[in-house]
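Taken in order, these protein sequences are the chains called F and G. Residue 766 is where the first sequence starts when you use my numbering, and the numbers rise one by one after that. Residue 1413 is where the second sequence starts when you use my numbering, and the numbers rise one by one after that. Scroll down for the structure; my scribbles are underneath it.
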Amino acid sequence: MKILVCISCVPDTTSKISFIENDTIFDKNGVQFVINPNDEFGLTRAMWIKEKDNSSIDVINVGLQDTEPILRKTLAIGADKAIRINSDPKDSFQVAKLISDYVSKNNYDLIIAGRESIDFNGNMVPGIISELLGMNFITNCVGLDIIGNKITAKREIEGGTETLSFDLPAVIGGQKGLVEESDLKIPNMRGIMQARQKPLDVIEVNKNNLFTETIKFYKPEEKGEIKMIDSDNLDELINLLHNEAKVI
Amino acid sequence: MAVLAYIESNKSKPKKNSYEIISYGRGLADKLSTELIVLSFNIDSVEDLSNYGPDKILNIKNNDLSNFNIQKYADVIAQACNSLSIDIIIIGGSADSKYLAPSLSVKTNSSYVSNVVELPSSLEPFTLKRSTYSNKAFSDITIKNEKKLIGIYNNSFGIVEKKSNPELISIDIIIPDSTLTTDSVEHGSGDISIADADIVVSAGRGLKGPENWNIIEDLAKTLGAATACSKPVSDMGWRPHSEHVGQTGKPVATNLYIAIGISGAIQHLAGVSSSKVKVVINTDPEAPFFKAADYGIIGDAFDVVPKLNEKLKVFKAGNN
Ligand SMILES: Cc1cc2nc3c(=O)[nH]c(=O)nc-3n(C[C@H](O)[C@H](O)[C@H](O)COP(=O)(O)OP(=O)(O)OC[C@H]3O[C@@H](n4cnc5c(N)ncnc54)[C@H](O)[C@@H]3O)c2cc1C
Ligand SMILES: Nc1ncnc2c1ncn2[C@@H]1O[C@H](COP(=O)(O)O)[C@@H](O)[C@H]1O
């Protein structure tokens, strides 16, 4: 089976977020970039499939050259080949379109992306890819079983889960649950050495028209002073929640 | 040209966030001087929708749509947009709607912007404010496409009452076959889900072990709240994954978030910061959560939570 894992490179979860040039550009200075957590769960799940049936795993990123260390890391974890589409990812539709164009030329059986990137938080890319390619799709995926070309997958819904079955080819939006935190692997020395020899193809694209454009960023307003309440005076808390905050 | 607000239903009733979606649609339609059409599937009574100002209601009743299916739903909504000449679609931020929206945007040739928190600040260019960087920032985004799909962030816009006298309309639709089969749906213990709740009671490693969660559940019950937890709590299996909130878990945007025995790590705060009012109960006065909260109590959860619960029961009894 041919698997493609979409990789978004995002600021590490501990990063403080700030902006430069009149709040128009994210400040990458001093920020460590990592594999989007939801994508790392997906990549690990893909590795399990590969261990079972010798599937091939390609990873793909739409990004500029600075994402290559992250792509090398996915090769060290165990992907076979990386593809970087050389374009600044400014619009989710464009990212999805570039990936689906690549897929339609290269025939994959299974495309695994993340439910959501933790920087743009679009919840968009895998769904748009599936629709552009006419493939089956589920997101918020917390369980995946594949036998032949039949998939049984679990999707997290509000207050529970739903189990669906469908055929390959398909697109999956993954998250924690697809594998557990403790299943994630740090690349070992051998993996890192091997990754240097693995292909990382760069694909050039024509300039695209973007439908959306992010023009300005804001930091959330500073929180006002906290009111401390004595633990022996819980009536005061109830009073404040009822009369001041009006939430109970 | 018209605005369409798509709302979800649960057991033939509009879901709670429907009123916010319609309120947003009304606000937008007024800005654009156009009409607002509400689209729903299989709602028994559409009467209370008229409290939020729709001009028309299209409530499609069809047994084939009684359970959510992305392919059928996206196709039928797209058919409705087509026959009603819709330029802008408003959709909510529930799990199903976020699943549906990307497909719908492609089917209707609309540009989709998710996590929107306000009405457009400008119509030319069409500019929306959205939450980004896992609630650590907001951004202004412009859409060039005539056709737009706006996904609104739960609880960000609020509900605006505006009585109207909507016309009930109907259209012909064709329901496509689906290549996805739903085998089963498993619901949790039947409690309120985090996304639907007005109040969330959340607890962390400070609770020491799963056997102590009864005090959290009791408090949640008194408040009619959903329960949630920090990531290590779900990683250790003390609580189900579905309760994990934060940057890598579920986002929480409720009216009241009560954090008990949670330190307030940056990844936790990112996911809960858009809750309106936050109460922190923690033994450690230095816990970072106190810097991000509205009300704080320094105290032992095992002492404070049961006492608070008793007092709330009395308060609730007196208020009903
Ligand atoms: C990539 C990544 C992603 C992450 N994503 C998330 C996420 O989405 N959500 C999330 O929650 N975390 C996330 N984390 C983990 C986060 O960094 C913290 O480790 C976690 O939030 C801490 O959980 P906690 O507050 O329950 O535990 P602790 O940090 O151990 O805090 C326990 C608190 O309980 C207090 N306490 C102890 N006893 C009592 C008592 N009797 N009564 C009252 N208070 C008491 C202590 O003072 C302390 O403040 C992530 C981490 C990483 C690396
Ligand atoms: N620039 C990108 N390159 C490759 N994959 C991406 C990119 N951006 C997003 N994705 C994938 O799409 C998922 C959802 O991202 P988003 O739609 O931004 O929330 C991510 O988890 C990735 O798997």
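Using N, Cα and C, we set each Cβ at its ideal position, and we do this for glycine too. The structure presented is a predicted model; accordingly, all values stated were derived computationally and were not measured.
For residue j and residue i, believed in contact at Cβ under 8 angstroms, the rounded distance
i                       : j                       : result
residue 915 of chain F  : residue 930 of chain F  : 6 angstroms
residue 893 of chain F  : residue 1514 of chain G : 5 angstroms
residue 788 of chain F  : residue 982 of chain F  : 5 angstroms
residue 1613 of chain G : residue 1631 of chain G : 5 angstroms
residue 868 of chain F  : residue 999 of chain F  : Actually they are not in contact, since the Cβ atoms of residue 868 of chain F and residue 999 of chain F sit about 58 angstroms apart, beyond 8 angstroms.
residue 1464 of chain G : residue 1569 of chain G : At roughly 12 angstroms, the Cβ-Cβ gap does not stay under 8 angstroms, so residue 1464 of chain G and residue 1569 of chain G are not in contact.
residue 967 of chain F  : residue 826 of chain F  : With a Cβ gap of about 10 angstroms, residue 967 of chain F and residue 826 of chain F do not count as contacting.
Neighbourhood of residue i by C-beta, 8 angstroms cutoff - its chain only, sequence neighbours within 5 removed
i                       : result
residue 1506 of chain G : 1420, 1427, 1429, 1566, 1607
residue 1532 of chain G : 1440, 1443, 1538, 1539, 1540
Spatially closest choice to residue i from the options, by CA coordinates
i                       : options                        : result
residue 1708 of chain G : F:984, F:993, F:857, F:1003    : F:993
residue 831 of chain F  : F:849, F:845, F:841, F:843     : F:849
residue 1470 of chain G : G:1481, G:1478, G:1452, G:1654 : G:1452
residue 1538 of chain G : G:1650, G:1559, G:1519, G:1527 : G:1559
residue 906 of chain F  : F:963, F:875, F:880, F:998     : F:880
residue 1693 of chain G : F:1013, F:997, F:1007, F:1008  : F:997
residue 1705 of chain G : F:990, F:782, F:1007, F:908    : F:990
residue 912 of chain F  : F:875, F:774, F:889            : F:875
residue 838 of chain F  : F:1001, F:795, F:958           : F:958
residue 1635 of chain G : G:1661, G:1716, G:1723         : G:1723
residue 946 of chain F  : F:797, F:802, F:770, F:825     : F:802
residue 1001 of chain F : G:1719, G:1569, G:1553         : G:1719
residue 1563 of chain G : G:1536, G:1512, G:1422, G:1578 : G:1512
residue 886 of chain F  : F:938, F:973, F:986            : F:938
residue 811 of chain F  : F:985, F:902, F:968, F:878     : F:878
residue 925 of chain F  : G:1673, G:1573, G:1628, G:1655 : G:1655
residue 1640 of chain G : G:1670, G:1620, G:1521, G:1621 : G:1670
residue 940 of chain F  : F:808, F:1012, F:864, F:1006   : F:808
residue 955 of chain F  : F:818, F:921, F:928, F:840     : F:840
Within-9 angstroms CB hit, residue i to chain F
i                       : result
residue 1659 of chain G : yes
residue 1709 of chain G : yes
residue 1508 of chain G : yes
residue 1504 of chain G : no
residue 1568 of chain G : no
residue 1478 of chain G : no
residue 1715 of chain G : yes
residue 1486 of chain G : yes
residue 1619 of chain G : no
residue 1454 of chain G : no
residue 1545 of chain G : yes
residue 1613 of chain G : no
residue 1740 of chain G : There is simply no residue 1740 of chain G to check, as chain G begins at 1413 and stops at 1732 in what is shown.
residue 1593 of chain G : yes
residue 1724 of chain G : yes
residue 1706 of chain G : yes
residue 1492 of chain G : no
residue 1525 of chain G : yes
Those residues which DSSP pairs with residue i across a bridge
i                       : result
residue 1418 of chain G : G:1451
residue 1660 of chain G : Paired residue(s): none; residue 1660 of chain G is not in a bridge.
residue 958 of chain F  : Note: residue 958 of chain F sits in no beta bridge, so no partner.
residue 881 of chain F  : For residue 881 of chain F, which the question treats as bridged, DSSP gives no partner whatsoever.
Within-9 angstroms CB hit, residue i to chain G
i                      : result
residue 820 of chain F : no
residue 950 of chain F : no
residue 890 of chain F : yes
residue 839 of chain F : no
residue 983 of chain F : yes
residue 794 of chain F : no
residue 776 of chain F : yes
residue 798 of chain F : no
residue 999 of chain F : yes
residue 965 of chain F : no
residue 851 of chain F : no
residue 972 of chain F : no
residue 835 of chain F : no
residue 944 of chain F : no
residue 925 of chain F : yes
residue 907 of chain F : yes
7 angstroms Cβ shell around residue i - same chain, five flanking residues per side excluded
i                       : result
residue 1659 of chain G : 1546, 1679, 1682, 1683
residue 872 of chain F  : 767
residue 1016 of chain F : This structure leaves residue 1016 of chain F out entirely; chain F is present only between 766 and 1013.
residue 1489 of chain G : 1418, 1451, 1516
Close Cβ partners of residue i (< 6 angstroms) along its chain, the five nearest in sequence each way excluded
i                       : result
residue 1456 of chain G : 1424
residue 934 of chain F  : 874, 900
Near-chain A residues of the stretch 1548 to 1564 of chain G - C-beta to any C-beta below 7 angstroms: Looking at the structure shown, chain A is missing, and the protein chains on hand are F and G.
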